[in-house]
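>
Structural data, given as C-alpha cells:
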C-alpha cells in the first residue's frame, strides 16, 4: 500500500463541536440496524407469502422490491458506514452488525474495510484509489442491464469468495492492498471467504431440506435488486474531479427524503462523510450545515437531480475529453476544468 499522504482541505471546527459531532450512540445505532432488518424482514416475508399464495407475476414483483431493499444492507449503505466503526459506542456491537450485514450481502468484511480505508485516504486519486476510478461513465444500456439482467450475475459474489477461500487474491488491487508482507491480513481475508461460502451453502442446504427453495433467492441471492442502490451509490463521485485534495470537488452531497436517507444511512451527505469519516451517520446533517457555512458547493436536490447533472457532465466529457465538473459552479453556469493526469500527492 502507498505511504503517500494527501493534505486534504477540511472545514475547521472547535474542539467542543468536534466532540459533539463524533459522539457515538448504541441506542441510535441499534434503532437504525433493527429497523432496517425489520424492513427487509417485512419485504422478504411478503415475497415468501406471494410465492405461496399469489400469482407468480406478483411474486416476481414483490421479490424485486425485496431485493432492491436488501442491497442497502451492503457496501452502498450499512456496511459502508459500519466499516468505519462510528455509529456504536460499543465496539462489539458495531463489529457484530458489520459482520452480520456483510454476511447477508456477500461482502467480505476484511476486503471492504481495507479497500475502503484506501479509498478514503486517496479519494479519486488515480492508481491510489481503485475503489472509485474517474472519469466514469454510465450509459442507458448499463442502467437497463442493472435493472433487468442483474439476476444473471448472481454467481459473481460467490465466485470471488471461492477465490479467497482457496487462498488466492482476485485482482491487482487485491495485491496492492493485501501485500505479502502482511500474512495475517491475507489470512483474515481468506478466512472470511470460507465463512461466507460455507455459511451460505449450509443455509441453502437447509432451505432445500425443509422444502423451501424459494428462500434461497429471498435470503441468499438478492443481487437482482442492485439497480436501486446503484442510483445512490453511483452518484457519490461520478463526473467530479480527480487528483484534487478537496473532498468538496470530488464528492457529491444530495438532499434526500427521510425514507431515502434511512435506507442509505445518510450517505447522501457524502462530502461530509469523506471530510470527517469519524462522524456517525446520524450527525451527517449537522456536519452538512457546518460545511455549507464554510462555503461548500450547493448540494443536489434529490437523486434524480444528481443524475441529470451527471448526464450533462457526460455529454460535455464526450465533446471535451479530459474535463470534469467543478462542483462549485452547481446552480450557476456549469464550469468544467481540465483534469490533472498526475497524482501529485
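Residue numbers (the numbering used here): 350 to 694.
Idealized CB from N, CA, C, for every residue including glycine.
1) To test your reading of the DSSP string, which unbroken alpha helix (DSSP H) runs of 4 or more residues are found completely within the segment 596 to 641?
2) Alpha carbon to alpha carbon, how far is residue 597 from residue 620? Give it in angstroms, no decimals.
3) Output the distance between the C-alpha atoms of residue 449 and residue 407, rounded to the nearest integer angstrom.
4) Rounding to the nearest angstrom, what Cα-Cα distance links residue 367 and residue 403 in this structure?
5) Since residue 537 is in the alpha helix (DSSP H), which residue starts that stretch and which ends it?
6) Name the two residues that bound the continuous alpha helix (DSSP H) containing residue 474.
7) If residue 685 sits next to residue 665, beta carbons under 8 Å apart, how far is it from one beta carbon to the other, in whole angstroms?
8) With DSSP collapsed to three states, give me the class of residue 358.
9) Given residue 643, which residues of its chain have a CB within under 7 Å of its CB, disregarding the five upstream and five downstream residues?
10) Please report the straight-line C-alpha distance between residue 545 and residue 670, rounded to a whole angstrom.
11) When the distance is taken between beta carbons, is residue 532 closer than 8 Å to residue 455?
12) For the segment 434 to 444 against the segment 585 to 600, are there 3 or more C-beta pairs whose distance is under 8 Å?
13) Given that a residue counts as buried once 16 or more other Cβ atoms are within 10 Å of its Cβ, and exposed if not, what is residue 656?
14) Measuring straight from C-alpha to C-alpha, what distance separates residue 415 and residue 357?
15) Tell me which same chain residues have a C-beta within less than 7 Å of the C-beta of residue 639, skipping the five on either side of it?
16) Looking at C-beta atoms only, is the number of pairs between the segment 419 to 426 and the segment 608 to 625 that lie closer than 8 Å three or more?
17) What separation, rounded to the nearest whole angstrom, lies between the Cα atoms of residue 623 and residue 405?
18) Do residue 676 and residue 612 have their CB atoms nearer than 8 Å?
19) Once DSSP output is grouped into helix, strand and coil, what is the label at residue 426?
20) Can you tell which of 584, 549, 572, 469 has its C-alpha closest to the C-alpha of residue 432?
21) Using 10 angstroms around the beta-carbon of residue 586, count the other beta-carbons present and answer buried if the total reaches 16, otherwise exposed.
22) Kindly give me the distance between the Cβ atoms of residue 629 and residue 435, rounded to whole angstroms, as I take these residues to be in contact under 8 Å.
23) Does the beta-carbon of residue 550 have 16 or more other beta-carbons within 10 angstroms, so that it is buried, or is it exposed?
24) How many angstroms separate the CA atom of residue 591 from the CA atom of residue 373?
25) Using CA atoms only, rank isn't needed, just tell me which of 570, 394, 389 is closest to residue 421.
26) Let me check understanding here. Comparing Cα to Cα, which of 661, 688, 608 lies closest to residue 599?
27) Leaving out five residues before and five after residue 633 in sequence, what residues of the same chain have Cβ atoms less than 6 Å from its Cβ?
28) Is residue 396 closer than 8 Å to residue 386 when the C-beta atoms are compared?
29) Identify which residue in 683, 581, 667 has its Cα closest to the Cα of residue 486.
30) Along the chain, where does the beta strand (DSSP E) containing residue 685 start, and where does it finish?
31) Just list the residues that DSSP pairs residue 674 with in beta bridges.
32) Work out the CA separation of residue 382 and residue 437 for me, nearest whole Å.
33) Could you tell me which uninterrupted beta strand (DSSP E) segments, each at least 3 residues in length, are contained entirely in the segment 395 to 469, listed from first to last along the chain?
34) Please list the terminal residues of the continuous alpha helix (DSSP H) segment that includes residue 666.
35) State the start and end residues of the unbroken alpha helix (DSSP H) segment that holds residue 370.
36) From the DSSP output, in three-state form, read off residue 579 for me.
Looking at the coordinates:
1) 596 to 599, 607 to 612, 619 to 624
2) 6 Å
3) 30 Å
4) 53 Å
5) 532 to 558
6) No alpha helix (DSSP H) contains residue 474, which DSSP labels as neither H nor E.
7) 6 Å
8) coil
9) 360
10) 42 Å
11) no
12) no
13) buried
14) 39 Å
15) 360, 362
16) yes
17) 44 Å
18) no
19) coil
20) 469
21) buried
22) 5 Å
23) exposed
24) 32 Å
25) 389
26) 688
27) 615, 618, 621
28) no
29) 667
30) 685 to 687
31) 685
32) 11 Å
33) none
34) 652 to 668
35) 364 to 370
36) helix
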